[in-house]
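The letter at position 36 of the sequence shown is residue 35 when you use my numbering, and the numbering goes up by one with no holes.
Note that the Cβ used here is the ideal one computed from N, Cα and C, for glycine as well.
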Amino acid sequence: MIESSVVVRPASPDETDACIDLWAAAVAARDGVGEDPAVRERARQKFAAEHVAWLVAPGDDGTVDGFVLVTAPGTGRSTDPTDAAYLSLLAVRPGVQARGLGRSLLSEAVHDARAAGHPRVVLHVLGDNDRAVRLYEAGGFVATGDEFAHALSGVTTRVYVAG
0 MIESSVVVRP ASPDETDACI DLWAAAVAAR DGVGEDPAVR ERARQKFAAE HVAWLVAPGD
60 DGTVDGFVLV TAPGTGRSTD PTDAAYLSLL AVRPGVQARG LGRSLLSEAV HDARAAGHPR
120 VVLHVLGDND RAVRLYEAGG FVATGDEFAH ALSGVTTRVY VAG
């Protein structure tokens, strides 16, 4: 078995801005557009929710190369399973994608959520984000069949649950 060399550790409060910056950059790169202040504000609101797990993958230069934020049940949509922690945000810096960071962050976040007493984890993913869908499905998430329009982009968003 090949072990991952990705380092994942708990985040610290002074990394909030770096994670929000990373989220905004990753969304802009994914969508092929400039950064949107509304994306930053929405991420900031998610960081204000009660945390179940917040992990970072630090880069060699001390920057945050990736992060995942899992918040308490009830912080996603009202239709999410009531016993499921909510995987609010997961991002990997565009220049370091496809190196296992997302997979490691996802695995550790689900583990931490379960260790905190949450038997399931729910997430919402843009239906056209094939790379993310593959990551989540490989990580044990299953589509529930529920869909809704994303609050900012209007793109069809799918609900996935693990556990």
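What number of angstroms, rounded off, separates the C-alpha of residue i from the C-alpha of residue j?
i      : j      : result
Val154 : Phe66  : 23 Å
Met0   : Pro36  : Its pLDDT being 44, under 50, Met0 is placed unreliably in this model, and the coordinates cannot settle the point.
Ala150 : Arg41  : 10 Å
Asp13  : Thr74  : 22 Å
Ala112 : Leu105 : 11 Å
Asp145 : Arg157 : 6 Å
Tyr164 : Ala28  : Given that the chain is displayed from residue 0 to residue 162, the structure contains no residue 164 and the question cannot be resolved.
Ser4   : Ala115 : 25 Å
Pro9   : Glu136 : 24 Å
Gln96  : Gly31  : 16 Å
Apply the 10 Å Cβ neighbour rule to residue i and answer buried if 16 or more other Cβ atoms are within range, or exposed otherwise.
i      : result
Asp64  : buried
His110 : exposed
Phe147 : exposed
Ala161 : buried
Arg92  : buried
Ala52  : buried
Which of the three DSSP states is assigned to residue i in this structure?
i      : result
Gly65  : strand
Arg157 : strand
Ser152 : coil
Ser87  : strand
Val109 : helix
Val32  : coil
Closest by CA to residue i, which one among the options?
i      : options                         : result
His123 : Gly116, Ala17 and Leu134        : Leu134
Ala48  : Leu88, His117 and Thr62         : Leu88
Gln44  : Trp22, Pro57, Pro80 and Leu100  : Trp22
Ala142 : Val121, Ser152 and Arg130       : Val121
Pro57  : Gly139, Gly101, Gly31 and Thr78 : Gly101
Going by the DSSP bridge assignment, what does residue i pair with across the sheet?
i      : result
Pro9   : Leu54
Thr15  : Note: Thr15 sits in no beta bridge, so no partner.
Ala142 : Tyr159
Arg119 : Ala83
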